[in-house]
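*Asks:* I am attaching a structure below and will ask some questions about it afterwards.
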Amino acid sequence: MADQVETLPIGEPTPSTRLLDTSRARVSHRLRLDRLSRRMVTLGGVAIIMAILAIFFVIAAEVYPLLKPLAATPLGTVSTGVASPPLAIGVEEYREVAFLVTASGVHFVSVSDGRAIATPSLPALNGAEVVGLSSTGGGRFALGLSDGRIMPVEAKFSVSYPEGARHVAPELAIGAPLVADVGGRAIETIAYTVTPNGPIAAAAVGPSELVLVTVRERRALIGPSTKEEQRHTMALPIEDEISALALDERGEDLFVGTSTGKVLRVNLRDPGGPMLAGSVAATSRRGAGVTVLGFLIGDRTLIVGDAVGGISSWQLLRHDGEPRLTKIYDFTPHQGPVIGFSKSRRHKGFITADETGLVQLHYGTTGETLLALNVAGDTTRSVAYAPKTDGILAVDAAGQVSHWRLENPHPEITLKSLFGKVWYEGYTAPAYVWQSTGGTDDFEAKFSLTPLIYGTLKGTFYALLFAVPLALMGAMYASQFMHPTLKAIVKPVVEIMAALPSVVLGFIAGLWLAPIVEDVVPGIFLMPIVVPVVIIVTLVGWRYLPTRLRNWVRPGVEVFLLIPVALVGGWLAIQLGGLLEAWMLGNDYRSWLFNVLGLTYDQRNSLVVGFAMGFAVIPIIFTIADDSLTNVPQHLTAGSLALGATRWQTAMRIVLPTASPGIFSAIMIGFGRAVGETMIVLMATGNTPVMDWSIFNGFRALSANIAVELPEAPEGGTLFRVLFLAALLLFVMTFAVNTAAELVRLQLRKRYRLL
Numbered sequence: 039m040a041d042q043v044e045t046l047p048i049g050e051p052t053p054s055t056r057l058l059d060t061s062r063a064r065v066s067h068r069l070r071l072d073r074l075s076r077r078m079v080t081l082g083g084v085a086i087i088m089a090i091l092a093i094f095f096v097i098a099a100e101v102y103p104l105l106k107p108l109a110a111t112p113l114g115t116v117s118t119g120v121a122s123p124p125l126a127i128g129v130e131e132y133r134e135v136a137f138l139v140t141a142s143g144v145h146f147v148s149v150s151d152g153r154a155i156a157t158p159s160l161p162a163l164n165g166a167e168v169v170g171l172s173s174t175g176g177g178r179f180a181l182g183l184s185d186g187r188i189m190p191v192e193a194k195f196s197v198s199y200p201e202g203a204r205h206v207a208p209e210l211a212i213g214a215p216l217v218a219d220v221g222g223r224a225i226e227t228i229a230y231t232v233t234p235n236g237p238i239a240a241a242a243v244g245p246s247e248l249v250l251v252t253v254r255e256r257r258a259l260i261g262p263s264t265k266e267e268q269r270h271t272m273a274l275p276i277e278d279e280i281s282a283l284a285l286d287e288r289g290e291d292l293f294v295g296t297s298t299g300k301v302l303r304v305n306l307r308d309p310g311g312p313m314l315a316g317s318v319a320a321t322s323r324r325g326a327g328v329t330v331l332g333f334l335i336g337d338r339t340l341i342v343g344d345a346v347g348g349i350s351s352w353q354l355l356r357h358d359g360e361p362r363l364t365k366i367y368d369f370t371p372h373q374g375p376v377i378g379f380s381k382s383r384r385h386k387g388f389i390t391a392d393e394t395g396l397v398q399l400h401y402g403t404t405g406e407t408l409l410a411l412n413v414a415g416d417t418t419r420s421v422a423y424a425p426k427t428d429g430i431l432a433v434d435a436a437g438q439v440s441h442w443r444l445e446n447p448h449p450e451i452t453l454k455s456l457f458g459k460v461w462y463e464g465y466t467a468p469a470y471v472w473q474s475t476g477g478t479d480d481f482e483a484k485f486s487l488t489p490l491i492y493g494t495l496k497g498t499f500y501a502l503l504f505a506v507p508l509a510l511m512g513a514m515y516a517s518q519f520m521h522p523t524l525k526a527i528v529k530p531v532v533e534i535m536a537a538l539p540s541v542v543l544g545f546i547a548g549l550w551l552a553p554i555v556e557d558v559v560p561g562i563f564l565m566p567i568v569v570p571v572v573i574i575v576t577l578v579g580w581r582y583l584p585t586r587l588r589n590w591v592r593p594g595v596e597v598f599l600l601i602p603v604a605l606v607g608g609w610l611a612i613q614l615g616g617l618l619e620a621w622m623l624g625n626d627y628r629s630w631l632f633n634v635l636g637l638t639y640d641q642r643n644s645l646v647v648g649f650a651m652g653f654a655v656i657p658i659i660f661t662i663a664d665d666s667l668t669n670v671p672q673h674l675t676a677g678s679l680a681l682g683a684t685r686w687q688t689a690m691r692i693v694l695p696t697a698s699p700g701i702f703s704a705i706m707i708g709f710g711r712a713v714g715e716t717m718i719v720l721m722a723t724g725n726t727p728v729m730d731w732s733i734f735n736g737f738r739a740l741s742a743n744i745a746v747e748l749p750e751a752p753e754g755g756t757l758f759r760v761l762f763l764a765a766l767l768l769f770v771m772t773f774a775v776n777t778a779a780e781l782v783r784l785q786l787r788k789r790y791r792l793l
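Each residue of the sequence shown is one higher than the one before, starting from 39 at the first, in the working numbering.
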């Protein structure tokens, strides 16, 4: 029978062709899925990078205004047409109306065009001329007259909005004149202030003769109150002349500048009358006269200007129990004699001017000169700092007023104030201090981030000091020695620890753990010695047990036997700690710490934070380190054991070096976790920004500081932006640490990849 050959219709694929087409379709489908997956992973990675960059730029945008340079925009010079050279200039808060003090009185002029707005009459002058002036700020000043009287006046401004346009109306309030010199000598050098008990005025009535006039209001139980005026005359033991006076707002100290460069302090607290309390040479060049004396806001810092252009700041600090004038800073000098001074009413900034027309803006807290301006025209006579610190006015001998607009919302922020030592008011030396708020308007804000960075690193150090040994040794035991059945239980339990909220850990540490730790501190420090000794003794004794009994314990579960041993060791350490405290520490370790080591013990301290934050960091380090140790190639450990190495030798010399890149990454990730921790360090420490490595003190971390102060910080204010700068520092720190860790990990991986 002839062979029959099956024929297929033309165009029909053979089975092999169909199989090939199916394979091609599957490969094509897989390639499409592979490309899609690759794009999705790439998109996810790019999205993460973009999100991180977005966070960085959002934070940086809030920080940038702190770094913007000071801007001063000239708004022009106008002529006021006053008949005599001005003695002083002032301006209201909107910088629309200024007032000039001349020999004939007070003149209100428009800042924009110099036209006269009002010239209030001063009938109390009685033909006398104004020859001296003392300003107390806020438009209040006292005029020294040529007939020996002192006239208090106040420039007031009322604001109205007729037809929607702002209108500033000036007026002048005149107080009752005070007689400084009954002989009628001119009062050219004067100091004046108003205390809660009444006004006080000081005037130089001769080369070395000083007159102090005080007004006290006596309140009667029945009837009107009466005012009592007291006058004290004081001859200073100087051979030169009085050239400047400054009186603090409390009426407690009067400072006298002389023509030979001395500054004398007169104590006004003594009920018996004013008393000379010391003197210092305060000018930049020996013998140069003092030309300007003035206080910054708060009247704790005295500014001294001299005849050769020197500018310095001084504070009354205690040395050996006695208050003495102490120089704080020297500022950038002027080119000629300093003749003008004006302080800010909002911060520690101030303006000085010299006869050559140079106007400088300084900041008293940092000792820096922020700006220098040149006034065109005649000899400069006076300067004024706008009440809102947004402008500067200067007037020359011809009555021409120069005007600048200032843009400097954060003058207290410099690299020095953020990261360097600053000499703050009331401190005996420069220091790193964070104190963002105070109880008064003249509070000197302290924005040093150094204590916060210090506290962050301190908390991280003690947390890792506790967590790293436990986590790494635990990971080593779990991966190399623990029975697999037991490890399947232990590792998930440790990982669950990472899910505990940090606020719960902080709450437990601050309210429960801290009081317990306080009672057993000597025992805690004995535990690292006593517990290992007890364990070693137990293991030595274990070797002498019968083999049949030792074989009863399955390999890898010895930990169950060591747990009670460790607990017994801990209990024994606490008991020995109590005995040690009673025997060697005077039965009170706190007193011993303070008297012998100079350390104080705070209940919420770094020791408690180390335990609590270590508890939060251990799961992360343990999990990553265990995975790294477990994933060491099996042929390495098998080869080591086959060559006769013990399990411990294999673990330490083969497994540990091979897994070192992963272990290093685990430690760095734990470091990042500790650096960014907020609630534990907030609740388990005193949250005090101190710089002390003592384990018995607390600290304040960057993250906790942000959490505490950001809700109360005015948006856009200095504190608000400094807190964002702290967040940026945290961001940069973790980024730098993680980047360095990745580079080191790659180097270690490259080193051990050939094993």
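In this text, a Cβ means the ideal position worked out from N, Cα and C, and glycines have one as well. Quick caveat: nothing in here was measured; it's all calculated off a predicted structure.
Using only CA atoms, which one of Gln438, Val647 and Ser198 lies nearest to Arg823?
*Replies:* No information on residue 823 is available, as it lies outside the stretch 39 to 793 that the chain covers here.
*Asks:* Along the chain, where does the alpha helix (DSSP H) containing Gly616 start, and where does it finish?
*Replies:* Taken as a continuous stretch (DSSP letters only), the alpha helix (DSSP H) holding Gly616 covers Val597 to Met622.
*Asks:* Mind checking Trp686: buried by the 16 CB within 10 Å criterion, or exposed?
*Replies:* Exposed, by the Cβ-count rule.
*Asks:* Touch check for the region 655 to 671 and the region 492 to 506: three-plus C-beta pairs under 8 Å?
*Replies:* Yes, they touch.
*Asks:* Relative to the alpha-carbon of Lys381, which residue among Gln398, Tyr367, Pro237 and Asp368 has its alpha-carbon at the smallest distance?
*Replies:* Among Gln398, Tyr367, Pro237 and Asp368, the Cα nearest to that of Lys381 is on Gln398.
*Asks:* Within 10 Å of its beta-carbon, does Leu781 have 16 or more other beta-carbons around it, so buried, or fewer, so exposed?
*Replies:* Label assigned to Leu781: exposed.
*Asks:* Starting from Gln353, follow its DSSP beta bridges and name the residues at the other end.
*Replies:* Beta-bridge pairing links Gln353 to Thr339 and Thr364.
*Asks:* Do you know offhand how far Thr784's Cα is from Pro447's?
*Replies:* A quick correction: the sequence has Leu, not Thr, at residue 784. So the alpha carbons of these two residues sit roughly 46 Å apart.
*Asks:* Taking the C-alpha atoms as reference points, what is the distance between Thr475 and Ala483?
*Replies:* The alpha-carbon atoms of Thr475 and Ala483 are separated by roughly 6 Å.
*Asks:* Taking the C-alpha atoms as reference points, what is the distance between Gly119 and Leu766?
*Replies:* If you take the alpha carbons of Gly119 and Leu766, they lie about 54 Å apart.
*Asks:* Just checking my contact of Ala218 with Thr227 at CB under 8 Å: how many whole Å lie between their CB atoms?
*Replies:* Not a contact, Cβ separation roughly 11 Å.
*Asks:* Rank Val770, Met272, Ile744 and Phe769 by C-alpha distance to the C-alpha of Phe758 and give the top, closest one.
*Replies:* Nearest of Val770, Met272, Ile744 and Phe769 to Phe758, Cα basis: Ile744.
*Asks:* DSSP puts Phe38 in a beta bridge; with which residues?
*Replies:* Since the first residue of the chain shown is 39 and the last is 793, residue 38 is not available in this structure.
*Asks:* Let me confirm a value: His673 is counted as buried when at least 16 other C-beta atoms fall within 10 Å, else exposed. Which label applies?
*Replies:* Its Cβ having fewer than 16 others within 10 Å, His673 is exposed.
*Asks:* Nearest CA to the CA of Trp731: which residue from Arg419, Val572 and Leu637?
*Replies:* It is Leu637.
*Asks:* Taking all protein chains shown into account, decide if Lys386 is buried (16 or more other Cβ within 10 angstroms of its Cβ) or exposed.
*Replies:* It is buried - the Cβ of Lys386 has at least 16 other Cβ atoms within 10 Å.
*Asks:* For Lys265, which of helix, strand or coil comes out of DSSP?
*Replies:* Here Lys265 sits in strand by DSSP.
*Asks:* Among the candidates Pro190, His372 and Val243, whose CA atom is the shortest distance from the CA of Leu163?
*Replies:* Nearest option by C-alpha distance: Pro190.
*Asks:* Nearest to Leu786 by alpha carbon, out of Phe769, Ile276 and Gly700?
*Replies:* Here the closest residue by C-alpha is Gly700.
*Asks:* Taking only heavy atoms of the ligand ADP into account, decide whether any of them is closer than 7 Å to the Cβ of Leu564.
*Replies:* Absence of the ligand ADP is noted for the structure shown, with no ligands found whatsoever.
*Asks:* Please name the residue in Lys365, Ala469 and Ala284 whose C-alpha comes closest to that of Thr174.
*Replies:* Among Lys365, Ala469 and Ala284, the Cα nearest to that of Thr174 belongs to Ala284.
*Asks:* Starting from Pro237, trace the beta strand (DSSP E) both ways and give me its first and last residue.
*Replies:* Gly236 to Ala242 is the extent of the beta strand (DSSP E) around Pro237.
*Asks:* Is Leu543 helix, strand or coil by DSSP?
*Replies:* Helix at Leu543.
*Asks:* Go to Arg581, then tell me how far its beta strand (DSSP E) extends in each direction, as first and last residue.
*Replies:* Premise fails: Arg581 lies in the alpha helix (DSSP H), Val559 to Arg581, not in any beta strand (DSSP E).
*Asks:* Skipping 5 residues on each side, what residues in its chain have a beta carbon closer than 6 Å to that of Gly607?
*Replies:* Around Gly607: Val568, Val569 and Val572.
*Asks:* Do Glu715 and Gln641 have their beta-carbon atoms positioned less than 8 Å apart in this structure?
*Replies:* No, these two residues do not count as a Cβ contact at 8 Å.
*Asks:* For Leu334, count the other beta carbons within 10 Å of its own beta carbon; 16 or more makes it buried, fewer makes it exposed. Which is it?
*Replies:* Answer is buried; the Cβ neighbour count reaches 16.
*Asks:* From Thr115 to Gly415, what distance separates their C-alpha atoms?
*Replies:* Approximately 9 Å between the Cα atoms of the pair.
*Asks:* In its own chain, which residues sit with a C-beta less than 6 Å from the C-beta of Met39, not counting the 5 before and 5 after it?
*Replies:* For Met39, the predicted model reports a pLDDT of 44, less than 50, meaning its position is unreliable and no value from the coordinates is stated.
*Asks:* State the Cα-Cα distance for the pair Thr494 and Ser741, rounded to the nearest angstrom.
*Replies:* Going from the Cα of Thr494 to the Cα of Ser741 covers about 8 Å.
*Asks:* Check Asn673 in the structure and name its three-state DSSP category.
*Replies:* Here residue 673 turns out to be His, not Asn, going by the sequence shown. Note: His673 maps to helix in three-state DSSP.
*Asks:* Pick from Ala211, Gln473 and Leu524: whose alpha carbon is nearest that of Pro489?
*Replies:* Selected option, being the one with the closest Cα: Gln473.
*Asks:* DSSP on Trp630, reduced to helix/strand/coil?
*Replies:* DSSP places Trp630 in helix when its eight states are reduced to three.
*Asks:* Does Asn798 come out as helix, strand or coil in the three-state DSSP assignment?
*Replies:* Any property of residue 798 remains undetermined from this structure, which presents the chain solely from 39 to 793.
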